[in-house]
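Residue numbers (our numbering): 26 to 215. First comes the structure, then the notes that go with it.
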């Protein structure tokens with residue numbers, strides 16, 4: 026377990042130590058760990074990403090996460106070297122791709138559309154909505170998005186070719202998620 030000292034970028038005088046626990050996920054932008062002091066939270070450490078300001082990506086993801094999950098749901102922090110982190114709620118559920126067959130209800134597509142409509146209502150156009158970024162919480166019978174990055178402004182400021190590329194990518198993800206939902210609704214029969 027590593028201890029890291031973090032602070033808000035606009036308030037460097039107030040430093041807080043966090044104990045980073047087990048690695049639970051990783052992607053293009055960073056690695057996600059359990060907060061060893063409070064397992065209701067996760068800590069995402071952002072990796073250098075060519076062409077994008079890591080601090081801006083982390084700040085944006087924290088803002089969008091708060092928009093969906095509430096004002097206290099995420100906080101952008103930095104360490105003394107300027108490495109960006111986001112401390113965020115640990116959202117309940119399991120990734121859609123990890124669910125066994127027969128684990129989703131018959132109205133799972135409707136529940137997924139409910140999540141998608143909430144994103145839309147909040148002005149969020151998720152740019153990477155695939156089966157690893159969608160959690161199913163069996164207790165609440167709800168889907169929840171993770172790794173939320175809003176590209177709505179980018180989309181509407183893009184030229185037609187870029188819009189077509191974004192739409193094609195999103196349509197492939199949408200079809201893939203719906204196919205995965207259908208597979209997870211069906212119980213294995215022998």
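All C-beta atoms, glycine included, are put in the ideal place defined by N, C-alpha and C. Note that this is a predicted model, so its numbers are computed, not measured.
Check                                                                                                                                                          : Outcome
Closest to residue 194 by CA distance: which of 164, 155 and 182 is it?                                                                                        : 155
For a test of the three-state rule: what should DSSP assign to residue 185, helix, strand or coil?                                                             : helix
Determine the DSSP secondary structure at residue 38, reduced to helix, strand or coil.                                                                        : strand
Please name the residue in 66, 46 and 41 whose C-alpha comes closest to that of residue 97.                                                                    : 66
According to DSSP, simplified to helix, strand and coil, what is residue 28?                                                                                   : strand
So the candidates are 202, 186 and 73; which of them puts its Cα closest to the Cα of residue 106?                                                             : 73
If I measure Cβ to Cβ from residue 49 and keep anything under 8 angstroms in the same chain, skipping five residues before and after, which residues do I get? : 57, 58, 59 and 67
With a Cβ-Cβ cutoff of 8 angstroms, do residue 173 and residue 93 count as a contact?                                                                          : yes
Tell me whether the beta-carbon of residue 64 lies closer than 8 angstroms to the beta-carbon of residue 115.                                                  : yes
For the candidate residues 71, 176, 125 and 118, whose alpha-carbon lies nearest to that of residue 164?                                                       : 118
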